[in-house]
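First residue of the sequence shown? That's 109 in my numbering, and the numbers climb one at a time after it. Don't be surprised by glycine CBs; every beta carbon is placed ideally from N, CA and C.
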Amino acid sequence: MDGFRIPIGEWADAGVDWIRDTLGWLLSGVSAVVGWLVDALANALLSLPIVAVIVVFAALAWLLRSWRFAIGTVVGFVLILGVGQWVTSMQTLALVLVAAIIAVVIAVPLGIAAARNDTFSAILRPVLDLMQSMPAFVYLIPAIVFFSIGVVPGVVATVIFALPPGVRLTELGIRGVDSETVEAGHAFGATPGQILRGVQLPLAMPSIMAGINQLIMLALSMAVIAGIAGADGLGKEIVQAMSTVDIAKGVEAGLSVVILAVYLDRLTGALGALKNQRGSLLGAIARRRTPGQKGGDASHPQDAAQDAATEAEREQASPRRAPIATGGI
């Protein structure tokens with residue numbers, strides 16, 4: 109058995125060379141676009157006055173959650189400024205936002221397709237299981253191989269790492285919509301697309317937003333690890349602190365990561381349940397709306413599906429009706 113060996117490494121090396129030679133133009137295009145997006149967003153955040161950025165973040169916190177959270181936001185970002193991590197925090201925030209947007213654009217359609225097709229769901233499920241079971245560092249290897257060192261492999265690895273919860277909870281939310289509500293939409297003559305936009309997606313929104321929340325949290329955790337690949341930001345600061353045993357820098361960068369994580373978690377968590385956010389401005393507006401009130405514009409093609417959902421909600425719940433499952437990760 110001494111001579112027994114399966115040359116998997118050689119096969120992988122040959123496969124990588126083939127991809128580089130065949131799809132080099134595509135990889136270069138992706139690298140240019142992703143790098144430009146992250147740099148543009150980071151430069152935009154850093155070009156604005158710091159006070160203005162903090163005010164905007166606090167205003168979003170008040171609009172979506174509460175004035176207490178807005179005060180905490182001001183304190184948190186002033187603390188980031190005070191420890192000298194403002195630039196790196198904005199670089200990390202830009203990376204997370206770009207990666208999260210790309211991941212949402214991919215995850216939500218995949219979740220919808222999986223909810224509407226059992227065969228596709230059965231094929232996708234083991235792939236998602238594999239993605240969630242792999243260590244986070246493993247995602248950096250192919251990203252670095254194809255995109256070299258820098259922010260682009262960090263974004264690519266972050267997108268792949270953050271996809272599974274978005275896909276799973278989108279599928280769960282769509283499948284959790286009561287079949288009687290969907291049948292009512294069909295009875296009103298709504299097309300499948302109108303039912304999806306006007307009935308299933310609105311009713312599945314709490315579950316979808318929970319998936320987006322988890323997606324953003326995973327993106328932030330991976331963005332820190334992406335510092336190993338050379339991505340600028342708090343991850344790079346933490347890697348340098350570990351390499352030089354710089355406790356002060358490590359604590360300051362780690363504290364900044366925690367503040368960003370709490371802010372993004374509370375902010376995105378509030379999006380799925382605005383009516384339950386008693387201290388938020390948008391929540392107060394949402395609670396003032398009359399249940400079942402039509403918006404006054406009855407000319408949209410999805411109105412039939414919207415009416416079906418409204419009428420179904422007004423009816424007495426049948427014994428078969430089940431609440432929408434939002435799941436948990």
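Ranked by Cα distance from Q199, the options L328, G293, G281 are led by L328. The three-state reading of DSSP puts P157 in coil, since its state is none of H, G, I, E or B.
Residue I346 holds the alpha-carbon nearest to the alpha-carbon of G362 among I346, D373, V260, R374. In the DSSP assignment, M239 falls within the alpha helix (DSSP H) that extends over 226-241.
Distance from the CA of I257 to the CA of S287, rounded to the nearest whole angstrom, comes to 49 Å. Its chain contains V204, A208, A270, L372, D373, T376 as the residues whose beta carbon lies nearer than 8 Å to that of I324, once the 5 sequence neighbours on both sides are disregarded; these appear in chain order.
Between the C-alpha atoms of A251 and S229 there is a straight-line separation of about 26 Å. T352 sits in a helix when the DSSP states are folded into three classes. Classified as exposed, E291 has fewer than 16 neighbouring CB atoms from the shown chains inside 10 Å of its CB. Your pair L342 and V365 checks out as a contact, with CB atoms roughly 5 Å apart and the cut at 8 Å. When the beta-carbon positions are compared, A339 and G262 come within less than 8 Å of each other. Classified as buried, V264 has 16 or more neighbouring CB atoms from the shown chains inside 10 Å of its CB.
For I282, the uninterrupted alpha helix (DSSP H) segment begins and ends at 259-283. Counted as a single uninterrupted DSSP element, the alpha helix (DSSP H) harbouring R176 occupies residues 175-190.
S315: member of the alpha helix (DSSP H) spanning 309-333, first to last residue.
Between the alpha carbons of A152 and T266 lies a gap of roughly 21 Å.
Proximity of the segment 166-182 to the segment 296-307 falls short of the contact definition, fewer than three beta-carbon pairs being nearer than 8 Å. With respect to I282, A312 sits close: the two C-beta atoms are nearer than 8 Å. For L368, the CB contacts under 7 Å within the same chain, skipping 5 residues up- and downstream, are S197, T200, L201, L328 in chain order. According to the DSSP assignment, T299 belongs to no alpha helix (DSSP H), since it is labelled neither H nor E.
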